[in-house]
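Novice:
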Amino acid sequence: MSRDTFHAKSYLAVAGKKYAIYRLDTLPELTTLPYSLKILAENLLRHEDGVHVTVDHIRALATWNPVAEPQVEIQFTPARVVMQDFTGVPCIVDLATMREAVVQLGGNPDAINPLNPAEMVIDHSVQIDVFGQANALQRNMDLEYSRNEERYQFLRWGQGAFNNFTVVPPGTGIVHQVNIERLARVTMVRDNDGEAVAYPDTCVGTDSHTTMVNGLGVLGWGVGGIEAEAAMLGQPVSMLIPPVVGFKLTGEIPAGATATDVVLTITDMLRKHGVVGKIVEFYGHGVSAVPLANRATIGNMSPEFGSTAAVFPIDDVTLEYLRLTGRPEEQVSLVEAYSKAQGLWHAPEQEVTYSEYLELDLATVVPSIAGPKRPQDRIELASAKARFRDNLSHYTDDLGDDRPHKVTKIHLNNADIEIDHGSVAIASITSCTNTSNPSVMMAAGLLAQKAVQRGLTVKPWVKTSLAPGSQVVTEYYKKAGLWPALETLGFHLVGYGCATCIGNSGPLPEEISAAINNANLAVVSVLSGNRNFEGRINPDIKMNYLASPPLVIAYALAGTMDIDFAHEPLGQDSAGHDVFLADIWPSAREVQGTIDRSVNRDMFESAYADVFAGDERWQRLETPTGSTFTWDNDSTYVRKAPFFDGMAMDLTPVRDISNARVLAKLGDSVTTDHISPAGAIKPDSPAGQYLAQHGIERGDFNSYGSRRGNHEVMIRGTFANIRLRNQLLDGVEGGYTYNFLTDKQDAIYDAAMAYQKANVPLIVLGGKEYGSGSSRDWAAKGTALLGIKAVLVESFERIHRSNLIGMGVLPLQFIAGTNAQTLGLDGTETVSVSGIEVLNSGNIPRRVSVRAVHQSRGITEFEAEVRIDTPGEADYYRHGGILQYVLRSLVQ
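Take our numbering: the final residue in the sequence shown is number 1066, and no numbers are missing along the way.
In structure tokens form, the structure reads like this:
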């Protein structure tokens, strides 16, 4: 297990049991590190093998310089991997394909097994087709199973075929909420030759919001599915020792503000400060006053402010939450004893040196929303109306006296109604970010109750929904007596899953959708989620806002974003008196009192008593057996992955790029939502045409996410987002490009296939923050399968950059102060990149030479940075990808 050069191995007795531990105080310097780096230090002590983890790595942490640029690469071995089904299905597809590839290369297929616990929660497949009625949950789940039967059969096969792989079936909850309420151990125990070894719970997950578990003191973050597969197969995660930002919390949240407002404020602060590639750590006496649910809400939003993780230390609040959620007392005692023995217990009086410092007085937080297209674009509620009007001009050319108007009449449900720019088309309480937090969920329920008591109703054009992150929410709403009011307003239970937050909002009523598209209206969605990128929530909706659950209901009552809650009423009561938001907003005392009466341990124990069993639908599924999967060539959901086709044991040397064409020239803030296939599949898209050719009816297309196990669908949906703006074309949105072979506009997929047939390599040009957003492996897989050899941008988001390398795509960055515009590149050039071949010698070139030849303006030559940051990443790139590297290693 460990060479243990520093003799760190010791023993800890807890409740009559003896555990081996690797003590940090063996090296006194490690005891003064920030909490997160202590976790990494223990990980190195325990895994020291002289090859992947060396004495020098451990000493590098012991001598950590908080203000130095990260330079030392270490190998972090997570204790477990968590997955959701959208990103998890491709992982299992790849593992199943690897079993066959191992045999072809002369190895043993049983070598392909998760070596550490891999846990999948099926939470991304429920779609809100049915809403506003009592049987919505049942009907949506029936539709979910009918659409996803092939995928679910495949996952059930995987659960039986692979060791260390478990599946939480549909209808249980959202992966991150299930993680904090059930899966997280905080302190792990593993048998090693008959000896129980205790160590910190750490995890990586195939979803960027894995950081939610940071609120429990568990160090974890989102990785691409590609990295997750490697971690499952025993490969450590390569990383540079990161800077750690100390974030001090003081004060208390004021009346009228919620945990959601705190999160949006912190997101705004940290995004402005700049924390990409850093770990944020909360410290100080104020930490103990932050409830665990609020800690989890803050940790969840780490990707939105760009940090690797946002972690809270372990303290009494952690233990109370473990008890509340039904963890055995033996486990709680171990967490406390181990954390105190290792110096991982919160000690606010202890001096810790951080790389940078920030502070927030919670008393200064004000009600906020974020939008209309990025979670970091915070808007104080008091100025929301004015900001909406300012933003609206970017979405329409219509005129109006005060702001653009286009009043459109609709006949809906036997009534004549009118909608306009800014009408709220979707109001959804959704996403683990907030549904894991009883304070904001109870506030929403109480606000609904008060609204009903005053006779208020939701506007008829609003699609309402409530999709909690676990069944516990349903139970405490029942106990609090809040369901009747929520259902009166149309917020019926529609499913247990991510739903609206990931684009599974379902179709709008036909009359509403037709009116929006015929009049080209800029309508809005309001959701209690963490993502509101363009084109993500619903194809009919241009503007999307994040808000707390009670504000979601408030906007549903108002029916428009064009409202000032402080001065304009939500409606009138039965006596004709104006009712303002302040009149129905519950006090903090009311909310806490309801929580105290309605949330208890029994609910968690009952909800998670048999969490892996599933309902009768799951248990009735016909499940294939055997160590290798029998692929169905007619399946449009699950297909054998192409990544190992023609693979040999010997490496193909890395080559420079010659005469590449630009497939897409993109601007700033191009997210993985723009790149990766997501949301509904349009009938006239290449993916829609593929499904139609395979006999799939339009109503059964399902979403891109549900078809992530089929590379034929996914490659056709890469760069196909309806809001993508490819600067090779003027005034065109969507997945299109200029095909230089035909001198015509073409679908990106069709053009890419034509270039491949002509043996023309491709590159992508982009701006700042390229690849920000969810940790989608298909943003990289699709890029590679399109034939893109390099991506040249101003800056990358961490996960997407590493995913590109993991798929054999070269990430290049413009030298600071330059970009495509300053260099005069318009994307019509042929581009060559030289200097890449240095990688064949085992070295990493820091820069390469780029030569762009324009038909009329001549030649532009410049240098670009190579964003292969570590020797481990260089190995992956040389092998053509991380999975190829792992496969060759296992066979050898």
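Glycine is no exception: its CB is placed at the ideal position from the N, C-alpha and C atoms.
Relative to the C-alpha of Pro857, which candidate in Phe875, Val844, Gly841 has its C-alpha closest?
Specialist: Phe875
Novice: How would you label Pro1079, buried or exposed, when you count the other beta carbons within 10 angstroms and need 16 or more for buried?
Specialist: This structure gives no information on residue 1079, because the portion of the chain shown stretches from 175 to 1066.
Novice: Could you give the DSSP three-state label for Ser644: helix, strand or coil?
Specialist: strand
Novice: Suppose you measure from the CA of Ser850 to the CA of His974; what does that come to, to the nearest Å?
Specialist: Approximately 11 Å between the Cα atoms of the pair.
Novice: Trp395 lies in the alpha helix (DSSP H); which residues open and close that run?
Specialist: It is not in any alpha helix (DSSP H) - Trp395 instead sits in the beta strand (DSSP E) that spans 393-396.
Novice: Tell me which residues share the same chain as Tyr782 and place their Cβ nearer than 6 Å to its Cβ, disregarding the 5 neighbours each side in the sequence.
Specialist: The answer, listed in chain order, is Arg356.
Novice: Apart from the five residues on each side of it in sequence, which residues of its chain come closer than 6 Å, Cβ to Cβ, to Gly940?
Specialist: If we look at Gly940 and ignore the five residues flanking it on each side, its Cβ neighbours are Leu840, Val844, Val967.
Novice: Let me know if Gly664 comes out buried or exposed under the rule of 16 or more other beta-carbons within 10 Å of its beta-carbon.
Specialist: buried
Novice: Using DSSP with H/G/I as helix, E/B as strand and the rest coil, what is Asn1017?
Specialist: coil
Novice: Which runs of the beta strand (DSSP E), 3 residues or longer, sit entirely within the segment 455-506?
Specialist: 483-485
Novice: Distance, Cα to Cα, Gly394 vs Gly980?
Specialist: 20 Å
Novice: Going by CA-CA distance only, name the one from Ala990, Gly909, Asn217 that's closest to Lys942.
Specialist: Comparing alpha-carbon positions, the option among Ala990, Gly909, Asn217 lying closest to Lys942 turns out to be Ala990.
Novice: Here's the rule I'm using: 16 or more other beta-carbon atoms within 10 Å means buried, otherwise exposed. How should Ala182 be labelled?
Specialist: buried
Novice: Grab me the residues of Ala693's own chain with a C-beta within less than 7 Å of its C-beta, minus the 5 sequence neighbours each way, in chain order.
Specialist: Lys580, Thr582
Novice: Would you tell me roughly how many angstroms separate the C-alpha atoms of Gln1058 and Thr826, rounded to the nearest one?
Specialist: Rounded to the nearest whole angstrom, the C-alpha separation of Gln1058 and Thr826 is 12 Å.
Novice: Is Tyr929 helix, strand or coil when you go by DSSP?
Specialist: helix
Novice: Of the residues Leu997, Thr992, Glu1047, which one's Cα is nearest the Cα of Leu1013?
Specialist: Per the Cα distances, Glu1047.
Novice: Per DSSP, what kind of secondary structure is Ile562 in: helix, strand or coil?
Specialist: For the record, residue 562 in the displayed sequence is Phe; it is not Ile. Three-state result, Phe562: helix.
Novice: If the criterion is Cβ atoms closer than 8 Å, does the pair Ala601 and Val700 meet it?
Specialist: yes
Novice: Going by the beta-carbon positions, is the gap between Ile400 and Ile1056 smaller than 8 Å?
Specialist: yes
Novice: Which residues does DSSP pair with Arg899 in a beta bridge?
Specialist: According to DSSP, which records beta bridges pairwise, Arg899 is partnered with nothing at all.
Novice: Under 8 Å between the Cβ atoms of Ala599 and Ile543?
Specialist: With respect to Ile543, Ala599 sits apart: the two C-beta atoms are not nearer than 8 Å.
Novice: Tell me the DSSP secondary structure of Gly1009 in three-state form.
Specialist: Residue state for Gly1009 is assigned as coil, using DSSP reduced to three classes.
Novice: Is it buried or exposed for Tyr531, if we count other Cβ within 10 angstroms and need 16 for buried?
Specialist: exposed
Novice: Taking Gly596 as the reference, which of Ala622, Pro578, Arg197 has the closest Cα?
Specialist: Pro578
Novice: Which same chain residues, not among the five before or five after Pro860, have their C-beta less than 7 Å away from its C-beta?
Specialist: Arg890, Ala921, Tyr923, Asp924
Novice: Return the chain-ordered list of same chain residues with a C-beta closer than 6 Å to the C-beta of Arg359, the five sequence neighbours on each side being excluded.
Specialist: Asp375
Novice: Just reading off the beta strand (DSSP E) that Glu1039 is part of, what are its end residues?
Specialist: 1032-1040
Novice: If you check the beta carbons only, do Val636 and Thr662 fall under 8 Å apart?
Specialist: no
Novice: Whole beta strand (DSSP E) runs in the segment 600-658 with 3 or more residues, listed along the chain?
Specialist: 637-640
Novice: Could you give the C-beta distance for Trp238 and Leu219, rounded to a whole number, given that I count them as a contact under 8 Å?
Specialist: With 8 Å as the limit, Trp238 and Leu219 do not qualify as a contact, their Cβ atoms being about 15 Å apart.
Novice: Going by beta-carbon coordinates alone, are Leu536 and Val436 separated by less than 8 Å?
Specialist: Between Leu536 and Val436, the C-beta gap is smaller than 8 Å, which places the two residues in contact.
Novice: With Asp268 and Phe817 assumed to form a contact (beta carbons below 8 Å), what rounded beta-carbon distance in angstroms separates them?
Specialist: Between Phe817 and Asp268 the Cβ distance is about 7 Å, and since that is below 8 Å, they are a contact.
Novice: Could you tell me the alpha carbon to alpha carbon distance between Ile1033 and Pro935, rounded to whole angstroms?
Specialist: 19 Å
Novice: Could you say which of Val906, Val461, Leu317 lies nearest to Glu523 if we only look at CA atoms?
Specialist: When only C-alpha atoms are compared, the closest one is Val461.
Novice: Mind checking which residues open and close the alpha helix (DSSP H) that includes Ile213?
Specialist: For Ile213, the uninterrupted alpha helix (DSSP H) segment begins and ends at 209-221.
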